[in-house]
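Chains A and B, in that order, are what the protein sequence lines are.
For the first sequence, our numbering assigns the number 1 to the initial residue and increments by one for each residue that follows.
For the second sequence, our numbering assigns the number 1001 to the initial residue and increments by one for each residue that follows.
Note that the Cβ used here is the ideal one computed from N, Cα and C, for glycine as well.
Before any comments, here is the structure.
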Amino acid sequence: MNIAWKEIKKNKVRFLILGSIIFLVSFLTFIISGLANGLSQDNAALIKDLPDGQFYMSTAADETYNLSKIESPIQDNMLNEKKDAVALSIQMGFLNDQNGKQQSVAFVASTDSKLFEHVKDGEVILDRSMKEKGIKVGDVLTNNQFSGKWIVKGFADDKKFSHAPVAFVNIENYKDMYRTDAMQLVFVPGEEKAQAAAGLQAFSKKEFLHTIPSYSAEQMSLNMIVWFLVVISGMLFAIFFYMMNVQKIGLYGILKAIGVKTSTLFKMMWTQMLFITVLALSLSVAFSQGFKMISPDGMPFHLTLETTLQLSVIFLVIGFIGATLSGVQIKKVEPLQAIQQGEV
Amino acid sequence: MSVFTIDEVKKTFTNGEVAEEVLKGVNLSLKEGEITALVGASGSGKSTLLTIAAGLQPASDGKIWFEGQNINLMNQEQIRKIRASKFGFIFQFAHLVPFLTVEEQLTLMLDVSETKLKRQEQQREIDNVLKLVEMDHRKNAYPSSLSGGEKQRVAIARAIIHKPKVLFADEPTASLDSKRSKDVMQLIQRLTKTLNITTLLVTHDEEMLAYADRVIKMSDGLVS
Ligand SMILES: Nc1ncnc2c1ncn2[C@@H]1O[C@H](COP(=O)(O)OP(=O)(O)O)[C@@H](O)[C@H]1O
Ligand SMILES: [Mg+2]
């Protein structure tokens, strides 16, 4: 006979409350984590969605990409050596639309590569979010530093940098705008460990992300909130299981007196804990994926199933540890205690 | 025939600096099919002796012989096994499992004692015992809906469903009125006789002694 199940059936309300707490806390954690990822995506999707690789910038730039200058001979050398390598530059700036309205963008120019949009002289490809601001294919855009004009050629998905939509422009237009011949960065995809090129400093993708102003600070605070939530929920689980166990001390004592094994009591508690937690977490995963679908477009929300499942496993482990720690009482209960305490 | 022998059992409780010798060398033999009643003033050590005999706490010294083995030398797991399969317990309160029906209380005890029965036999066994304690009409009830006397009858059913060799009853009627007390004692007497159980009964109610085969007086940590 499965007494763990019998107890849940008889005390539905108590277990329902426990389940709702686990559901609410994990759901909140998933949502916050979705927002954290969303913001990080909004901040740097352009870089995050690249394959793993190495970024190079000039050592003199002191880890600030827009101060970096890689001279042409060095750049040519690197591009020749690695056929997938690409030289690129990123500059924050403004586009004036046809109504004279300024739109903040991140200009990106690169040598030919599959990794970045290819645009001809006088053309621009924009992140799709610009479409919502009323810009259409064929619109003519200008910039105060640029002598020519751009015609909008099309839109690309999820190209964001430093919270701004990316505007892909031709490398010659870029050089004209910023009065420079040198590109800022060389990106070499797939290269495991960076070898030291003279005067250049190498960054992994993750390291490069952290050179983006605001990225580190933003991610750190959001991740801290997520981990706080995980820790708090862990403690909440433990406290709840502890209280449920304390209520049952008398029962555990009497069960031990009639000969029930301590391990059976632990199994009973684990079964209940697993049942409630798995149920609550599944609901929570389903709800958070549902929320992803109905969340407003403007809301930076990015939550993969993989992330929720990873967090769920962490919740399960924490719940298990919490329940087991609070279950130490079960081991300590003396049958006599319960008998002498009177009616349970 | 003596199946259970308590031999020079001593028990000392130490509370900080103070040591109190509650049992001072008790000798007692229990006979099969007999109710041995233990009487004495409150605090004379009756419950202590019963719980030691039942393996619920260890003696400080002495031997407790059951089926040729000294329980006082056994480890926790060995004692648990004996409690589960060979002993039955009735206390002042019924101590039923609040979330199990009357029937399930008995199923649990059969599981715990590892009584291997087929489903049908198990059901028959449970029905029989519930008839014996006249609780068959309430077999699907939960403890919260039973009266004190009914709960105690279910507790008795649980104590004997697995056919224990020894039944330990510590003031089983203390929480009942005198009519119910007599019913419960008659029941214990009947079960002891029909199932040939060895029963150790602790009571301080003189009226209940009428149901005992043997009365042992306990005072100041010794029996006479
Ligand atoms: N766990 C314990 N710790 C300390 N003293 C105890 C303990 N159990 C019983 N005693 C003491 O042992 C004495 C006998 O108690 P008990 O066996 O319960 O008596 P009775 O059942 O005859 O009323 C009492 O003085 C009681 O205070
Ligand atoms: Mg007593």
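Worksheet item: What's the gap between the Cα of Ile1161/B and the Cα of Leu309/A?
Response: Within the second sequence, the letter at position 161 stands for residue 1161/B. Within the first sequence, the letter at position 309 stands for residue 309/A. Using only the alpha carbons, I get a separation of about 47 angstroms.
Fill in: Within chain B, the residues that Ala4/A reaches when beta carbons sit closer than 9 angstroms
Here residue 4/A is taken as the residue at index 4 of the first sequence, counted from 1. For Ala4/A, none of the residues of chain B pass the 9 angstroms Cβ criterion, the least Cβ distance being about 10 angstroms.
Worksheet item: Where does the unbroken beta strand (DSSP E) through Gly1055/B begin, and where does it stop?
Response: On the second sequence, residue 1055/B is found 55 positions in, with the first residue counted as 1. Where Gly1055/B is concerned, there is no enclosing beta strand (DSSP E), given that its DSSP letter is neither H nor E.
Worksheet item: Out of curiosity, what's the CA-to-CA distance linking Gln337/A and Gly250/A?
Response: Taking the first residue of the first sequence as 1, we reach residue 337/A at position 337. Taking the first residue of the first sequence as 1, we reach residue 250/A at position 250. About 8 angstroms.
Worksheet entry | Val1202/B: CB within 7 angstroms of a non-hydrogen atom of ligand 2 | For this step, residue 1202/B is matched to residue 202 along the second sequence. Under cutoff, so the answer is yes.
Item to complete: Check whether the stretch 1093-1100 of chain B touches the stretch 276-287 of chain A, counting contact only when three or more Cβ pairs, one atom from each stretch, lie closer than 8 angstroms.
Response: No, the stretch 1093-1100 of chain B does not touch the stretch 276-287 of chain A.
Worksheet item: What whole-angstrom Cβ distance do Lys1046/B and Gly1055/B have, given they're in contact under 8 angstroms?
Response: As a first step, residue 1046/B is located in the second sequence; it is residue number 46 there, counting from the start. As a first step, residue 1055/B is located in the second sequence; it is residue number 55 there, counting from the start. For a cut-off of 8 angstroms, the C-beta gap from Lys1046/B to Gly1055/B is around 17 angstroms, too long to register as a contact.
Worksheet item: Since Met1/A meets chain B, which of its residues come closer than 9 angstroms, beta carbon to beta carbon?
Response: Within the first sequence, the letter at position 1 stands for residue 1/A. Contact annotation for Met1/A against chain B: Leu1100, Glu1104, Thr1107, Leu1108, Leu1110 and Asp1111 [CB-CB distance below 9 angstroms, chain order].
Discussion item. Run through the DSSP bridge pairs and tell me what Ala202/A is partnered with.
Written reply: Counting from one through the first sequence, the residue named residue 202/A turns up at place 202. According to DSSP, Ala202/A shares a beta bridge with Tyr56/A.
Worksheet item: Does Lys261/A come within less than 8 angstroms of chain B when only Cβ atoms are used?
Response: Numbered from 1 along the first sequence, position 261 holds the residue referred to as residue 261/A. Between Lys261/A and chain B, the shortest Cβ-Cβ separation is below 8 angstroms.
Worksheet entry | Closer than 5 angstroms: residues whose CB approaches a heavy atom of ligand 1 | This criterion selects Phe1013/B, Val1022/B, Ser1042/B, Gly1043/B, Ser1044/B, Gly1045/B, Lys1046/B, Ser1047/B and Thr1048/B.
Discussion item. Any beta carbon from chain B within less than 8 angstroms of Lys267/A's own beta carbon?
Written reply: Along the first sequence, read from residue 1 onward, the residue named residue 267/A stands at position 267. No - not a single Cβ of chain B is within 8 angstroms of the one on Lys267/A.
Worksheet item: In this structure, does DSSP put Val260/A in helix, strand or coil?
Response: Position 260 of the first sequence, counting from 1, holds the residue named residue 260/A. In the three-state reduction of the DSSP assignment, Val260/A falls in the coil class.
Discussion item. Let me check one thing: in DSSP terms, what residues is Thr304/A bridge-paired to?
Written reply: Start at 1 with the first residue of the first sequence, and residue 304/A comes out as number 304. DSSP output for Thr304/A lists no bridge partner at all.
Item to complete: Write down every uninterrupted run of the alpha helix (DSSP H) in the stretch 70-146 of chain A whose length is 4 residues or greater and which is fully enclosed by it, in chain order.
Response: Counting only runs of 4 or more, we get 72-81.
Worksheet entry | Own chain residues within Cβ distance below 6 angstroms of Leu1209/B, not counting five before or after | By one-based count along the second sequence, residue 1209/B stands at place 209. Its chain contains Ala1037 and Val1215 as the residues whose beta carbon lies nearer than 6 angstroms to that of Leu1209/B, once the 5 sequence neighbours on both sides are disregarded; these appear in chain order.
Item to complete: Locate the beta strand (DSSP E) running through Arg179/A, then write down its first and last residues.
Response: To locate residue 179/A, count along the first sequence from 1; it is residue 179. Where Arg179/A is concerned, there is no enclosing beta strand (DSSP E), given that its DSSP letter is neither H nor E.
Item to complete: Can you pull the chain B residues whose beta carbon is under 9 angstroms from the beta carbon of Ile232/A, in chain order?
Response: Residue 232/A sits at position 232 when you count from the first residue of the first sequence. The contact set of Ile232/A on chain B, defined by CB atoms closer than 9 angstroms, is empty, because the minimum CB distance reaches about 30 angstroms.
Worksheet item: Which of the three DSSP states, helix, strand or coil, is assigned to Met1074/B?
Response: In the second sequence, counting from the first residue as 1, residue 1074/B sits at position 74. Correct three-state label for Met1074/B: coil.
Item to complete: Taking only beta-carbon positions, decide if Leu16/A is within less than 8 angstroms of chain B.
Response: Indexing the first sequence from 1 puts residue 16/A at position 16. At a cut-off of 8 angstroms, the C-beta of Leu16/A has no neighbouring C-beta in chain B.
Worksheet entry | Under 9 angstroms (Cβ pairs) to chain A, residues found in the stretch 1166-1195 of chain B | Those would be Asp1170 and Ser1175, in chain order.
Fill in: Chain-ordered chain B contacts of Asn11/A [CB-CB under 7 angstroms]
Residue numbering aside, residue 11/A sits at position 11 when the first sequence is read from its first letter. Correct list: Phe1099.
Worksheet item: Would you say Val344/A faces chain B, with C-beta separation under 8 angstroms as the test?
Response: For the purposes of this step, residue 344/A is taken as residue 344 along the first sequence, with counting starting at 1. Note that Val344/A has pLDDT 49, beneath the 50 cutoff, so the model's placement of it is unreliable and the number below is only indicative. It does: the Cβ of Val344/A has a partner Cβ on chain B nearer than 8 angstroms.
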